[in-house]
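A short write-up of the structure that comes next.
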Amino acid sequence: MSAFKLEYKDFDFTIYLDKDPGHEPIERWNILTNEDKALIDSGEMAFYSLSITSKNKEESVIHFIPGVQLPVDEEDQMVDLEIILLDEGLLDEILEHWKLKLSQKKVPFWA
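According to the working numbering, the sequence shown is numbered sequentially starting from 7.
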């Protein structure tokens with residue numbers, strides 16, 4: 007298990023990364039390319055589970071994301087994880103959940 011902390015937009019995040027060797031993706035929801043399958047078969051890529059604790063002041067929420075494909079090499083893994091968290095917007099999506107949680111409205115902003 008790997009763990010690290012970061013601060014993003016006034017929230018504290020603790021991210022746990024666990025290798026999940028027993029993960030079997032459901033083909034309907036997770037389409038693997040032939041290249042991905044080859045990398046998994048060769049052991050260069052594996053499935054991981056992310057457990058992210060986000061904290062705002064004294065309140066915290068745990069977010070769990072199974073079946074994340076990442077390289078086994080730790081340097082490449084951190085690069086890909088940064089892309090997932092920041093460039094692909096996973097942390098921003100978590101912050102959207104916080105907006106709903108902290109809102110006084112009974113319906114989401116998009117309703």
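Ideal Cβ placement from N, Cα and C applies to all residues, glycine included. Given the structure is predicted, the values throughout are model-derived calculations rather than measurements.
- Here the alpha carbon of residue 72 sits roughly 23 angstroms from the alpha carbon of residue 65.
- Residue range 80-88 is occupied by the alpha helix (DSSP H) that includes residue 84.
- CA-to-CA, the gap between residue 7 and residue 88 works out to about 17 angstroms.
- Within its own chain, the residues whose Cβ lies closer than 8 angstroms to the Cβ of residue 13, once the five positions on either side in sequence are excluded, are 19, listed in chain order.
- As summarised for the stretch 15-95, the continuous alpha helix (DSSP H) elements at least 4 residues long and confined to that stretch are 40-48, 80-88, given in chain order.
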